[in-house]
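Engineer: Quick note: the sequence shown uses the working numbering, first residue 315, plus one each step. Have a look at the structure that comes next, please.
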Amino acid sequence: MSELLVLEGIDAYYGASHVLHAVSLRVEAGEVVLLLGRNGAGKTTVMRTIMGLVAAKGARIAFRGQDVRGMAPHRISRLGIGLVPEDRRMFAKLSVRENLDVGRKAPADGHAGSTWDVERVFELFPALEPLQNRKAGTLSGGQQQMLTIARTLMGNPTLLLLDEPAEGLAPVLAQGLAEQLARLRSEGLSMLISEQNPSFARSLAGRAYVMESGCVRHHGTIAELDADPAAWTQFVAF
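Structure (structure tokens):
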């Protein structure tokens with residue numbers, strides 16, 4: 315596999331508050347990586363920093379070999395990074411179909427695989443098809459999460475960033491979402507998944523980074539972290 319995303323020694327600030335401390339991580343092409351840690355550990359800030367929503371200081375943030383620090387978020391998105399934010403940020407007064415149309419973008423140059431359209435999205439999330447004329451604000455939490463992911467896929471990302479995708483979902487819905495993400499993985503889509511609870515997505519991933527207080531405290535394969543109980547129990551909620 316080749317390196318798709320690389321962060322090296324990244325620091326980030328909210329005003330005078332230093333919130334990320336020398337964070338380094340990588341995601342390789344076709345890989346699913348977990349970013350784990352308790353609430354407030356810095357996971358969302360990592361996602362926002364990658365997307366250019368928070369200014370980064372440090373060695374580099376490289377996507378497909380290109381340093382994206384200082385780029386506007388819309389330019390980073392057009393390079394092939396799609397963010398599924400924790401707060402979903404749908405257009406509540408638009409229909410499901412209109413939300414999908416808003417997210418539509420052509421694939422970035424060098425994009426591998428088939429492109430996403432409404433029909434393919436409904437194949438992945440069949441529950442959305444009969445709801446396509448419903449206003450997004452009237453959907454249930456699980457339906458809104460499916461729509462948020464579907465809208466991001468309409469931008470044809472090479473790398474999908476998912477920030478707490480299972481938060482607030484009933485266990486049966488979280489399991490269904492994990493199965494849909496497993497399908498995306500089988501199709502070669504790279505993902506960085508932020509989670510407080512590793513039980514949701516650990517079966518999808520080969521490696522994980524465990525964060526605490528804005529720092530990466532542990533890193534390794536899932537098997538390596540399983541062999542070090544402190545890596546899970548000290549910094550990650552079960």
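Note that CB positions come from ideal geometry on N, CA and C, so glycine has one too. Only a predicted model underlies this, so the values are computations on that prediction, with no experimental measurement involved.
Quick check: what's the CA-CA separation for G372 versus R465?
Structural biologist: By 1-based counting over the sequence shown, the position of residue 372 is 58. By 1-based counting over the sequence shown, the position of residue 465 is 151. Near 32 Å, if we compare the C-alpha coordinates of R465 and G372.
Engineer: Alpha carbon to alpha carbon, what distance is there between I375 and I364?
Structural biologist: Position 50 of the sequence shown, counting from 1, holds the residue named residue 364. Position 61 of the sequence shown, counting from 1, holds the residue named residue 375. Rounded to whole angstroms, I364 to I375 spans 7 Å at the Cα level.
Engineer: I'd like the ranges of any alpha helix (DSSP H) spanning at least 4 consecutive residues and lying wholly in the segment 374-398.
Structural biologist: The qualifying runs are 387-393.
Engineer: With a threshold of 16 other CB atoms inside 10 Å of the CB of D540, please say whether the residue is buried or exposed.
Structural biologist: Taking the first residue of the sequence shown as 1, we reach residue 540 at position 226. So D540 ends up on the exposed side.
Engineer: Spatial neighbours of G455 within its chain, please: CB distance less than 7 Å, with the 5 preceding and 5 following residues excluded, ordered by chain position.
Structural biologist: As a working mapping, residue 455 is identified with position 141 in the sequence shown. Within the same chain, G455 has close Cβ partners G482, L483.
Engineer: State the start and end residues of the unbroken alpha helix (DSSP H) segment that holds T472.
Structural biologist: By one-based count along the sequence shown, residue 472 stands at place 158. Neither: T472 is in no alpha helix (DSSP H) and is coded neither H nor E.
Engineer: Please list, in chain order, all residues of the same chain as F436 whose beta carbon is under 7 Å from its beta carbon, the five residues on each side excluded.
Structural biologist: Start at 1 with the first residue of the sequence shown, and residue 436 comes out as number 122. Same-chain partners within the cutoff: L442, E443.
Engineer: Can you give me the C-alpha to C-alpha distance between H533 and P479, rounded to a whole angstrom?
Structural biologist: As a first step, residue 533 is located in the sequence shown; it is residue number 219 there, counting from the start. As a first step, residue 479 is located in the sequence shown; it is residue number 165 there, counting from the start. Distance between the alpha carbons of H533 and P479 is about 21 Å.
Engineer: In the DSSP output, which residue or residues are listed as bridge partners for L319?
Structural biologist: If you number the sequence shown from 1, residue 319 lands on position 5. Answer is V341, F377, bridged to L319.
Engineer: Can you grab the Cα-Cα spacing for the pair L491 / S513, in whole Å?
Structural biologist: Here the question's residue 491 lines up with position 177 in the sequence shown. Here the question's residue 513 lines up with position 199 in the sequence shown. Approximately 13 Å, taken between the alpha carbons.
Engineer: So, with DSSP's three-state summary, where would you put K357?
Structural biologist: Mapped onto the sequence shown, residue 357 falls at position 43. Three-state result, K357: helix.
Engineer: Going by the beta-carbon positions, is the gap between V347 and V341 smaller than 8 Å?
Structural biologist: Locating residue 347 in the sequence shown gives position 33, where the first residue counts as 1. Locating residue 341 in the sequence shown gives position 27, where the first residue counts as 1. It is a contact, given that the beta carbons lie within the stated cut-off.
Engineer: Could you give the C-beta distance for L319 and F377, rounded to a whole number, given that I count them as a contact under 8 Å?
Structural biologist: Position 5 of the sequence shown, counted from the start, is the residue given in the question as residue 319. Position 63 of the sequence shown, counted from the start, is the residue given in the question as residue 377. Yes, L319 and F377 are in contact; Cβ-Cβ is about 5 Å, under 8 Å.
Engineer: Taking the beta strand (DSSP E) that E526 belongs to, which residues open and close that run?
Structural biologist: Counted from its first residue, the sequence shown places residue 526 at position 212. It spans 521-526 - the beta strand (DSSP E) in which E526 sits, taken as one unbroken run.
Engineer: Which whole-angstrom value is the C-beta distance of Y523 and L367, which I expect to be below 8 Å?
Structural biologist: The sequence position of residue 523 within the sequence shown is 209, counting from 1. The sequence position of residue 367 within the sequence shown is 53, counting from 1. Contact doesn't hold; Cβ gap of about 20 Å is too wide.
Engineer: Return the Cβ separation of N413 and A450 in integer angstroms, given the expectation that the two are a contact with Cβ distance under 8 Å.
Structural biologist: The residue labelled residue 413 in the question sits at position 99 within the sequence shown. The residue labelled residue 450 in the question sits at position 136 within the sequence shown. Their Cβ separation, rounded to whole angstroms, is 5 Å, which keeps N413 and A450 in contact under 8 Å.
Engineer: Using DSSP's beta-bridge definition, name the partner residues of G456.
Structural biologist: For this step, residue 456 is matched to residue 142 along the sequence shown. Answer is none; G456 lacks a bridge partner.
Engineer: Less than 8 Å between C-beta atoms, sequence neighbours within five positions excluded: which residues of the same chain meet that for F552?
Structural biologist: Numbered from its first residue, the sequence shown carries residue 552 at position 238. Residue placement at F552 cannot be trusted, given a pLDDT of 49 that sits under 50; what the coordinates show is reported in the next sentence. Result list for F552: N511, P512, S513, W546, in chain order.
Engineer: Less than 8 Å between the beta carbons of G469 and S391, yes or no?
Structural biologist: Within the sequence shown, residue 469 is the residue found at index 155, counting from 1. Within the sequence shown, residue 391 is the residue found at index 77, counting from 1. Cβ distance < 8 Å, so G469 and S391 count as in contact.
Engineer: With which residues is K449 paired in a DSSP beta bridge?
Structural biologist: Here residue 449 refers to the residue found at position 135 of the sequence shown. Looking at the DSSP assignment, K449 forms a beta bridge with S409.
Engineer: Quick check: what's the CA-CA separation for Q459 versus D401?
Structural biologist: Indexing the sequence shown from 1 puts residue 459 at position 145. Indexing the sequence shown from 1 puts residue 401 at position 87. Between Q459 and D401, the C-alpha separation is close to 9 Å.
Engineer: Along the alpha helix (DSSP H) that carries E501, what are the first and last residues, could you check?
Structural biologist: Residue mapping note: residue 501 aligns to position 187 of the sequence shown, counting from 1. Run containing E501: none; DSSP gives neither H nor E here.
Engineer: Is G502 near G396, with beta carbons less than 8 Å apart?
Structural biologist: Looking up residue 502 in the sequence shown gives position 188. Looking up residue 396 in the sequence shown gives position 82. No. Outside cutoff.
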